[in-house]
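Okay, structure first, notes after.
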Amino acid sequence: MQGLKGDGIRVSPGIQNIAVLGGSRFIGRAIVEELLKKGCRVTTVNRGFTPVRYSGPVQRVLADRRDPAGYAEALARIHVDGVVDVTAYHPLETRVVLDAFRDRLDRFVHISTLSVYRWPFPCPVSEDATLETHPLNAYGFHKAACEGLIIAEPAARIPWAVLRLPPVFGPGDPSSREAYLYRQILGGKSIVVPPRPYQCQNLFVADAARAVYSLIESKKATGRIYNAGGLPFTLEAYVELLAEIAGKQPEMMRAERRVLEQGGADPEKIPYFFEGDLVLDTRRIRDEIGFVPTWTLEKALAVTLKGNSLLPEQGDSHGWGLPREKRLSYKERPLP
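Residues -17 to 318 (the numbering used here) are what the sequence shown spells out, left to right.
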């Protein structure tokens, strides 16, 4: 047991024994690797369906969140200083974790998403903005509900921190937006962009993992919510950067959401297609914790495309892009 501050909040000179709920795929795996690099002892808790090799020793506990009672029993047997929850998508899942670890941790980090913010919102959107309350927007609604349970917990009993992330990219992403766009460019196919240049944002997976560790390490993070993200960009500029890596001239066309829908396309499945700015305000994590991304887009994209070069050839196989790459039924509007 670590010492307590005067306000009852636990502090620790070094949280080194950490459980990652998830930890076998993409973001979770990157977090595990970052923790190993920092010398932490790591335990992962997941179903064990995904074969994975880490750079160091990792204890694996098999448990399924779809079985709340069994999952709670598994967590009760784990003795760690900190927990990073990567895979909570419903408040009932978060409730099980909070009940299992109350009064037992020095740090609890919940991985959240920009989808918790109610759209449309002013950009850059701060951590105090209005959250999603519409159940039809299920992902953001449930993630916001997860946060609600955490925020209601006294930090003296669970020293929590919440990290809200934009789209995360990097090698090992099973549904890589970047690999899809890159393949479109290589194939000489048009990429649909919004009717005017809007700002959007993402974060390289290694930087996302660093952000998580910064919240584990910093005493200031207790009871706080943080946005993290890279530099804003437009989809047009992003495509041009990918095209430079490909060594090809990209083809782009502008289209409005309603016209895409009339043509049988789902705009939600087009990478980084937004009719409005979608940028997080990241000043809080910079000013309070000292976290800033270290990977440039150019370097991160080069590593990403090398690591995701074996994705299937079907353009819609992971949900990105137009149905079967068919010609749209409306008149194309090339970029000026």
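We put the beta carbon where it would ideally sit given N, CA and C, even for glycine.
For the 8 Å CB-CB criterion, residue 180 and residue 90 do not form a contact. From the listed residues 237, 239, 238 and 221, the smallest Cα separation to residue 231 is found for 221. Taking the C-beta atoms as reference points, residue 263 is found nearer than 8 Å to residue 106. Apart from the 5 residues on each side of it in sequence, residue 21 sits with its Cβ closer than 8 Å to the Cβ of -2 in its chain, given in chain order. Taking all protein chains shown into account, residue 41 has fewer than 16 neighbouring C-beta atoms within 10 Å of its C-beta and is therefore exposed. Per the C-alpha coordinates, the member of 200, 209, 242 and 189 positioned closest to residue 279 is 189. Counting every other CB atom within 10 Å of its CB across the protein chains shown gives residue 243 a total below 16, marking it as exposed. Sequence-distant Cβ neighbours of residue 191 in its own chain, meaning closer than 6 Å and more than five residues away, are 12, 13 and 16. The Cβ atoms of residue 163 and residue 253 sit closer than 8 Å to each other. At the C-beta level, residue 129 and residue 144 come within 8 Å of one another.
Shown here, residue 241 sits in a helix according to DSSP, grouped into three states. Distance from the CA of residue 199 to the CA of residue 64, rounded to the nearest whole angstrom, comes to 10 Å. One thing to note: residue 68 has its Cβ within 8 Å of the Cβ of residue 5. For the stretch 102 to 186, the full-length alpha helix (DSSP H) segments reaching 4 residues or more read 120 to 133 and 159 to 168 along the chain. If the five residues before and after residue 100 are omitted, its C-beta is found closer than 7 Å to the C-beta atoms of 112, 113, 114 and 115, all from its own chain and listed in chain order. If you compare the alpha carbons of 138, 81 and 146 with that of residue 109, the shortest gap goes to 146. Here residue 52 has 45 and 46 as same chain residues with Cβ atoms under 8 Å from its own Cβ, once five neighbours each way along the sequence are excluded. Residue 202 is positioned such that its CB atom lies no closer than 8 Å to that of residue 93.
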